[in-house]
Amino acid sequence: MKKDNTTAYVCEQCGQESPKWLGRCPACGQWNTMREIHLSSPRKSSPSLPIVGGRAEASPLPLREIQAHEEPRIDMGDQELNRVLGGGLVPGSLILLGGEPGIGKSTLALQTVLRLKDRRVLYVSGEESARQIKLRADRLCASPSENLLILCETSLEDIYRHIEKVKPQIVVVDSIQTISSEVLDSTPGSLSQIRECAASLLRFAKSGREACSVILIGHITKDGTLAGPKVLEHIVDCVLQFEGDQHYMYRILRGMKNRFGSTSELGIYEMRQGGLLQVTNPGELLLTEAREGLSGIAICSAIEGIRPLLIETQALVSTAAYGTAQRSATGFDGRRLGMLLAVLEKRVGFKLVQKDVFLNIAGGLRVTDPAMDLSVVAAVISSNVDEAIGTDVCMCGEVGLSGEIRPVSRIGQRAREAEKLGFGRMLVPAQGLKGIDTSRLRLKLIPIARVAEAVRELFG
16 MKKDNTTAYV CEQCGQESPK WLGRCPACGQ WNTMREIHLS SPRKSSPSLP IVGGRAEASP
76 LPLREIQAHE EPRIDMGDQE LNRVLGGGLV PGSLILLGGE PGIGKSTLAL QTVLRLKDRR
136 VLYVSGEESA RQIKLRADRL CASPSENLLI LCETSLEDIY RHIEKVKPQI VVVDSIQTIS
196 SEVLDSTPGS LSQIRECAAS LLRFAKSGRE ACSVILIGHI TKDGTLAGPK VLEHIVDCVL
256 QFEGDQHYMY RILRGMKNRF GSTSELGIYE MRQGGLLQVT NPGELLLTEA REGLSGIAIC
316 SAIEGIRPLL IETQALVSTA AYGTAQRSAT GFDGRRLGML LAVLEKRVGF KLVQKDVFLN
376 IAGGLRVTDP AMDLSVVAAV ISSNVDEAIG TDVCMCGEVG LSGEIRPVSR IGQRAREAEK
436 LGFGRMLVPA QGLKGIDTSR LRLKLIPIAR VAEAVRELFG
């Protein structure tokens, strides 16, 4: 029997390929993640790519002869987006923007390209009509750019023909799940179509001397991962995750992968009727104004990327109603919350075994800074004893398993942000004050070595 070489199986979690179906992926160990894809038929040729400025011939070079220089950047007219991209958009790069349906991916992409007056942009939409895009553009911008061209098309080959005529500098594809190629017989949105179209667009973005940047908009699945095989994330240069709760006004843009910058940056937006508004000082918006006399609230000076954020940590501790205590965390790692509660019980003496503990990071944020530990512990204790923390107090510090407060980075920057927002005292790790000039700070820094000292300082 002749072997079929046009079919393969790809793991949705890690992108591992296999010539036959497997119940368990040999690479990542996940079960039932292998999905069938159809490879390119040998009778068909891949779509021809428009070459802008001619193809540069590639040849191997010794490493010492390669000239290293800073990548040129395109200013996107959006401070938050530029920060997450690492300083701007790199010409010839392939960007993947993912997020839940209705979160604002198309709004972010459209309002960004509307600001680019000096760049020729081709906006390819496979989901909306030209009239729908026009209505949205009128709502977002009063004077759209003359260099913005709209194309409603789902065929990859037809898109290339229009690109060859228009010769844009930036191409936006909304969304990659709606684009299909004639090379494959599968339906749009299938794993094989997404993979083939993304790989073809990558070859196009890297092919010409006058490089054209391509921005792909993609959907995510129910478990929060980008739809399509994991290799889609390996293909692109930068993966941006646009997230947030639709019941909140804030949206967060995270860099999950970036070959031209850091992945620790994030941009914060506020969703309004006229589009997404950049939040340049999120600390003022994330704090509750009327928190005086409220127990279970602690303020942390956290760092995300290069920017400090004053984040409100909320906790509620109550007696377990059904015998088994609940542990719930929103915007914070639930396993780390369990560790911090164990430290409180073992090192400080607070008995929380028979109590429910609920933790929430205000504003719909999800923060991974270890300096949040001290504010989490303080909020839990405040709710447990039903005593409010002073409104002029903030804190930062990582809690160790022995109950010690471990040092965190950039305490000076955290303190200056807290001082700017009107805080008078700040609890910091005792070992983290070395080399910090406190003479210019009006904020009082209180060194703390152990969790028990923080409890005495906050509650007497």
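Here the sequence shown is numbered in our numbering, starting from 16 and rising by one per residue. Each residue gets a CB set at the ideal place from its N, CA and C atoms; glycine is no exception.
- Query: What is the rounded straight-line gap between the Cα of E472 and the Cα of I376?
  - Reply: To locate residue 472, count along the sequence shown from 1; it is residue 457. To locate residue 376, count along the sequence shown from 1; it is residue 361. For E472 and I376, the distance between alpha carbons rounds to 23 Å.
- Message: Which runs of the alpha helix (DSSP H) at least 4 residues long sit entirely within the stretch 148–198? Give them in chain order.
- Response: 171–181
- Message: Am I right that I404 and A393 are in contact with their C-beta atoms under 8 Å? What's the rounded C-beta distance?
- Response: Along the sequence shown, one-based indexing puts residue 404 at 389. Along the sequence shown, one-based indexing puts residue 393 at 378. About 6 Å; that satisfies the 8 Å criterion.
- Query: G353 and R342 look like a contact to me (Cβ under 8 Å); what is the Cβ gap, rounded to whole Å?
  - Reply: Position 338 of the sequence shown, counted from the start, is the residue given in the question as residue 353. Position 327 of the sequence shown, counted from the start, is the residue given in the question as residue 342. Their Cβ separation, rounded to whole angstroms, is 6 Å, which keeps G353 and R342 in contact under 8 Å.
- Task: Take T334 as the anchor and find which of V400, D252, L37, V414 has the nearest alpha-carbon.
- Result: Mapped onto the sequence shown, residue 334 falls at position 319. Nearest option by C-alpha distance: V400.
- Take E142 as the anchor and find which of D153, I194, E115 has the nearest alpha-carbon. Reading the sequence shown from its first residue, position 127 is the one you call residue 142. Nearest of D153, I194, E115 to E142, Cα basis: I194.
- Task: For I89, write down the residues that DSSP places opposite it in a beta bridge.
- Result: As a position in the sequence shown, residue 89 is number 74, starting the count at 1. L104, per the DSSP bridge assignment.
- Query: What are the start and end residues of the beta strand (DSSP E) that includes F257?
  - Reply: In the sequence shown, counting from the first residue as 1, residue 257 sits at position 242. Looking at the DSSP string, the run of the beta strand (DSSP E) that includes F257 is 253–258.
- Where the alpha helix (DSSP H) containing L206 begins and where it ends: In the sequence shown, counting from the first residue as 1, residue 206 sits at position 191. Per DSSP, L206 belongs to the alpha helix (DSSP H) from 206–222.
- Would DSSP call H249 helix, strand or coil? The residue you call residue 249 lines up with position 234 of the sequence shown. Of the three classes helix, strand and coil, the one that applies to H249 here is helix, per DSSP.
- Item | Length-filtered (4 minimum) alpha helix (DSSP H) runs lying within the stretch 344–405 | 349–358, 387–400
- Delimiting residues of the alpha helix (DSSP H) encompassing K435: Here residue 435 is taken as the residue at index 420 of the sequence shown, counted from 1. Start and end: 426–435.
- Message: Within 8 Å, do at least three Cβ pairs link the stretch 360–374 to the stretch 441–451?
- Response: no
- Query: How should T383 be labelled, buried or exposed, when 16 other C-beta atoms within 10 angstroms of its C-beta is the threshold for buried?
  - Reply: Position 368 of the sequence shown, counted from the first residue, corresponds to residue 383. Answer is exposed; the Cβ neighbour count stays below 16.
- Message: Since G282 and L268 should fall inside the 8 Å C-beta cutoff, what is the C-beta to C-beta distance between them, to a whole number of angstroms?
- Response: Position 267 of the sequence shown, counted from the first residue, corresponds to residue 282. Position 253 of the sequence shown, counted from the first residue, corresponds to residue 268. Right, their Cβ atoms sit about 4 Å apart.
- Task: Using 10 angstroms around the beta-carbon of T295, count the other beta-carbons present and answer buried if the total reaches 16, otherwise exposed.
- Result: Sequence index remark: in the sequence shown, residue 295 carries index 280 (1-based). Its Cβ having fewer than 16 others within 10 Å, T295 is exposed.
- L109 classed as buried or exposed, judged by whether at least 16 other C-beta atoms fall within 10 angstroms: Along the sequence shown, read from residue 1 onward, the residue named residue 109 stands at position 94. So L109 counts as buried.
- Message: DSSP three-state label for E319, please.
- Response: Position 304 of the sequence shown holds residue 319. Strand, per DSSP.
- Message: Give the list of continuous alpha helix (DSSP H) stretches no shorter than 4 residues that lie fully inside the stretch 101–147.
- Response: 120–129
- Have a look at L129 and L111 and give me their C-alpha separation to the nearest angstrom. The residue given as residue 129 occupies position 114 in the sequence shown. The residue given as residue 111 occupies position 96 in the sequence shown. So the two alpha carbons sit approximately 19 Å from each other.
- Query: Where does the unbroken alpha helix (DSSP H) through R471 begin, and where does it stop?
  - Reply: Position 456 of the sequence shown holds residue 471. First-last of the alpha helix (DSSP H) with R471: 466–474.
- Item | C-beta contact flag for S279 and S398 at 7 Å | To locate residue 279, count along the sequence shown from 1; it is residue 264. To locate residue 398, count along the sequence shown from 1; it is residue 383. Not in contact: S279 and S398 (Cβ atoms no closer than 7 Å).
- Using DSSP with H/G/I as helix, E/B as strand and the rest coil, what is R39? By 1-based counting over the sequence shown, the position of residue 39 is 24. If DSSP states are grouped into helix, strand and coil, R39 belongs with the strands.
- Item | Limits of the unbroken beta strand (DSSP E) element including V25 | Here residue 25 refers to the residue found at position 10 when the sequence shown is read from its first residue. Counting along the chain, the beta strand (DSSP E) containing V25 begins and ends at 22–26.
- Item | Simplified DSSP state of N97, which is helix, strand or coil | By one-based count along the sequence shown, residue 97 stands at place 82. Helix, per DSSP.
- Reference T339; option with closest CA among V372, E86, E327, G364: Position 324 of the sequence shown holds residue 339. Ranking the options by Cα distance to T339, first place goes to V372.
- Ignore the nearest five residues each way along the sequence and tell me which others in M286's own chain have a CB closer than 7 Å to its CB. Counted from its first residue, the sequence shown places residue 286 at position 271. Closer than 7 Å at the Cβ level, and outside the excluded window around M286, lie G119, M264, R266.
- Task: Reducing DSSP to helix, strand and coil, say where E80 ends up.
- Result: Counting from one through the sequence shown, the residue named residue 80 turns up at place 65. Three-state DSSP puts E80 in a helix.
- Opening and closing residue of the beta strand (DSSP E) in which G270 lies: Sequence index remark: in the sequence shown, residue 270 carries index 255 (1-based). Where G270 is concerned, the enclosing beta strand (DSSP E) stretches over 265–273.
- Task: Look at the Cβ atom of C409, then the Cβ atom of S277, and state whether they are nearer than 7 Å.
- Result: Along the sequence shown, read from residue 1 onward, the residue named residue 409 stands at position 394. Along the sequence shown, read from residue 1 onward, the residue named residue 277 stands at position 262. No, these two residues do not count as a Cβ contact at 7 Å.
- C-beta contact flag for I185 and I165 at 7 Å: Residue 185 sits at position 170 when you count from the first residue of the sequence shown. Residue 165 sits at position 150 when you count from the first residue of the sequence shown. No; because the gap between Cβ atoms is not below 7 Å, this pair is not in contact.
- Message: Suppose you measure from the CA of M16 to the CA of S33; what does that come to, to the nearest Å?
- Response: Against the sequence shown, residue 16 aligns to sequence position 1. Against the sequence shown, residue 33 aligns to sequence position 18. Note on M16: pLDDT 40, under 50, position unreliable in the model; the coordinate value appears next. Those two C-alpha atoms are separated by around 19 Å.
- Please report how far the alpha carbon of D407 lies from the alpha carbon of V229, in whole angstroms. Here the question's residue 407 lines up with position 392 in the sequence shown. Here the question's residue 229 lines up with position 214 in the sequence shown. Approximately 47 Å between the Cα atoms of the pair.
- Considering only C-alpha positions, which residue in the set G378, E434, L359 is nearest to A469? Along the sequence shown, one-based indexing puts residue 469 at 454. Out of G378, E434, L359, L359 has the C-alpha closest to the C-alpha of A469.
- Message: I need the straight-line Cα distance from L100 to G364, nearest angstrom please.
- Response: The residue labelled residue 100 in the question sits at position 85 within the sequence shown. The residue labelled residue 364 in the question sits at position 349 within the sequence shown. Cα-Cα distance, rounded: 46 Å.
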